[in-house]
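Taking it in order: structure first as structure tokens, then the write-up.
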Amino acid sequence: EWSAENDKDLVYNQSRVPLTKRISPDKLSPSNQNQNKKTKIVALSMMNSQTSGNPSRGTTKV
Numbered sequence: 001e002w003s004a005e006n007d008k009d010l011v012y013n014q015s016r017v018p019l020t021k022r023i024s025p026d027k028l029s030p031s032n033q034n035q036n037k038k039t040k041i042v043a044l045s046m047m048n049s050q051t052s053g054n055p056s057r058g059t060t061k062v
């Protein structure tokens with residue numbers, strides 16, 4: 001089971017950038033015709049069939 005205390009990579013997976021003030025979705029200009037302004041969250045994991053080959057902080061292996 002995951003725990004922050006035992007995660008040796010935790011320092012690399014924490015944001016240091018403060019969140020910015022959000023704007024109303026009604027004020028956003030769509031970037032394409034498929035964009036839905038009601039979307040609240042998107043699972044980025046859907047971009048890759050697996051994550052084992054996509055380290056969170058990059059890799060020097062080619």
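Under UniProt numbering, think of the first position of the sequence shown as 1, with each following residue one higher.
Every residue, glycine too, gets a C-beta built ideally from N, C-alpha and C.
Please work out which residues of its chain come closer than 7 Å, Cβ to Cβ, to A4, disregarding the five sequence neighbours upstream and downstream, and give them in chain order.
On the sequence shown, residue 4 is found 4 positions in, with the first residue counted as 1. If we look at A4 and ignore the five residues flanking it on each side, its Cβ neighbours are L10.
Based on Cα-Cα distance, which residue from S31, P25, T20 lies nearest to K37?
Residue mapping note: residue 37 aligns to position 37 of the sequence shown, counting from 1. Checked all of S31, P25, T20; the closest Cα to K37 is P25.
Would you tell me roughly how many angstroms separate the C-alpha atoms of N13 and L44, rounded to the nearest one?
Counting from one through the sequence shown, the residue named residue 13 turns up at place 13. Counting from one through the sequence shown, the residue named residue 44 turns up at place 44. The straight-line gap from Cα to Cα measures roughly 15 Å.
If you drop the 5 nearest sequence neighbours on each side, which residues of the same chain put their C-beta closer than 8 Å to that of P30?
Locating residue 30 in the sequence shown gives position 30, where the first residue counts as 1. Result list for P30: K37, in chain order.
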